[in-house]
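With the first letter of the sequence shown counted as 1, position 290 gets the number 289 in numbering that gives the first Met the number 0; the numbers rise by one all the way through.
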Amino acid sequence: MSHRIPTLAPRLLAATLLSALSFGVGSATSVDGTTAVHDVAADAALALMLAQRWDDTLDPARYWVSEKLDGVRAHWDGRRLRFRSGLVIPAPAWFVAALPARPLDGELWLGRGQFEALSGIVRRDVPDDAQWRKVRYMIFDLPGDAGTFTERVQRIDVLIAEERKRAPWLQAVAQFRVHDRTELARRMAATVAAGGEGLMLHRADAAWSPGRSDALRKLTPWLDAEARVVAHVPGKGRLTGSVGALLVESLDGRRFRIGSGLSDSARRNPPQIGAMVTYRYRELTGQGLPRFPRFLRERVLP
0 MSHRIPTLAP RLLAATLLSA LSFGVGSATS VDGTTAVHDV AADAALALML AQRWDDTLDP
60 ARYWVSEKLD GVRAHWDGRR LRFRSGLVIP APAWFVAALP ARPLDGELWL GRGQFEALSG
120 IVRRDVPDDA QWRKVRYMIF DLPGDAGTFT ERVQRIDVLI AEERKRAPWL QAVAQFRVHD
180 RTELARRMAA TVAAGGEGLM LHRADAAWSP GRSDALRKLT PWLDAEARVV AHVPGKGRLT
240 GSVGALLVES LDGRRFRIGS GLSDSARRNP PQIGAMVTYR YRELTGQGLP RFPRFLRERV
300 LP
């Protein structure tokens, strides 16, 4: 069973930001074309709702379920579109000018398996209008809104319906319910078979709250984690002249290599030293190292 509903949101009249430079100062272009300077470095990382892993002892019937999108997390505060880090996303003026003057949380998305292309689009200091026309802003929550998640799902659907003509790139992440673990497993298998990453589960009666929450869960056929790139390991054979693997350091200080999952493009232009990358793995060894680590993506920062 799927559910959709949305709310009337006032139009954005204030200035919208276009770009943020990596050293922390971004130029903001307003609707009337004037430009101002915004000190992005002054903004701390955003207080977002973050997911924990799914626990099989939980009852999935208590949750709304949606596909886990392989996109870029994007927070709209009513004036600025920002990465999870708090830095402003250099989106075109027309993209943000049409957004409502109320907080939104979602993902910028091109489609399944398109994360690398999306990353290239959203990182450009000068946005490419033609490429941004392909990007959708998929909304899954309303930060700070009162009430349960079920009520927020309803408000999202009303909002999207009202904004459809003005901002067709603004869309709601489809939410559905399952009756039991068997149905959840079936939906999970179908999603992964179709090229999806997995599922997100949000407890229906949960209030919005920032930080890691047991009300928001992620379910994937593998484990995932983040690590920092500390070196590039040269490739051999057909990979001579490019990167064969990334030497990374996990959050607990353990070092290991990630070679699987790197595309030819990523091997030619690998994540820089110091960049954070997401990888997936089956389990931890007795030494605490990930078994069969596979590169998923670089954490996108401007």
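Idealized CB from N, CA, C, for every residue including glycine.
Leaving aside the five residues that flank Gly258 on each side, the residues in its chain whose CB is nearer than 7 Å to its CB run, in chain order, Gly243, Ala244. A straight line joining the alpha-carbon of Phe175 with that of Gly197 spans about 14 Å. Taking a contact to require three or more Cβ pairs closer than 8 Å, the segment 71-80 and the segment 173-188 do not qualify as touching.
Distances from the CA of Phe255 to each of Ser262, Ser241, Gln286 were compared; the closest alpha carbon is that of Gln286. According to the DSSP assignment, Val157 belongs to the alpha helix (DSSP H) that extends over 148-162. Taking 8 Å as the cut-off, the beta carbon of Lys67 is found closer than this to the beta carbon of Met199.
In this chain, the alpha helix (DSSP H) harbouring Arg266 covers 263-267. The segment 90-100 makes contact with the segment 117-135: 3 or more CB pairs, one atom from each, lie closer than 8 Å. Between the alpha carbons of Ile88 and Asp124 lies a distance of about 9 Å. Taking Pro292 as reference, the option from Ala224, Ala230, Arg298 with the minimal CA-CA separation is Ala224.
One alpha carbon belongs to Trp221, the other to Ala192, and they sit about 14 Å apart. Nearest neighbour of Arg281 by Cα position, chosen from Met275, Pro289, Ala189, turns out to be Pro289. Looking at the backbone, the Cα of Val229 and that of Gly195 are separated by about 30 Å.
Going by beta carbons, Ala90 and Leu103 fall outside the 8 Å limit. In the DSSP assignment, Ser212 falls within the unbroken beta strand (DSSP E) covering 210-218. Taking 4 residues as the minimum length, the alpha helix (DSSP H) runs contained wholly in the segment 235-300 are 263-267, in order along the chain. For Gly105, the uninterrupted beta strand (DSSP E) run begins and ends at 103-108, by DSSP. Per DSSP, the unbroken beta strand (DSSP E) holding Ala224 starts and ends at 222-233. Sequence-distant partners of Ile272 (beyond 5 residues in either direction) whose C-beta falls short of 6 Å from its own C-beta, in its chain, are Val228.
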